[in-house]
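What follows is a single structure, written as structure tokens, with notes after it.
Shown next as structure tokens:
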């Protein structure tokens, strides 16, 4: 029984020491990665950052066609800030402030948690001719 208590304490202490990021921090990291992949036109990397439900109905090939169209919208864009709402179960909304060559742009994004990771909850309109 002591070994079980020691193992549980070790897991809790390890989790605390590793500093599991807050949902807001994780969502900000995913946002920056997603904007970077879109600006490069890297459809495969962007697709991997979308939620599993989206990937279940939208093939990577169909998604790739929309990334080419969206790449110019995100080229030379920098994420200034991400303001996430508190999680609602497995979902988070965030206001994303982008610095663009023509000024500031504010967008509303959605995120979904799958296991311990957060993904962009992508709109099906970005699935080609869905």
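Numbering (the numbering used here), first residue to last: 1233 to 1362.
Don't be surprised by glycine CBs; every beta carbon is placed ideally from N, CA and C.
- As DSSP reads the structure, residue 1311 sits in a beta bridge with 1330.
- Only residues of its own chain outside the window of five on either side were considered, and among them 1282 and 1286 have a CB closer than 6 angstroms to the CB of residue 1354, listed in chain order.
- Counting every other CB atom within 10 Å of its CB across the protein chains shown gives residue 1338 a total below 16, marking it as exposed.
- Rounded to the nearest angstrom, the gap between the Cα atoms of residue 1290 and residue 1325 is 22 angstroms.
- In this structure, residue 1298 sits near residue 1360, with a CB-CB distance shorter than 8 angstroms.
- Within the stretch 1245-1298, the runs of alpha helix (DSSP H) that reach at least 4 residues and sit entirely inside it are, in chain order, 1255-1272, 1275-1280 and 1284-1289.
- A residue is called buried once 16 or more other Cβ atoms fall within 10 Å of its Cβ, and residue 1263 is buried on that count.
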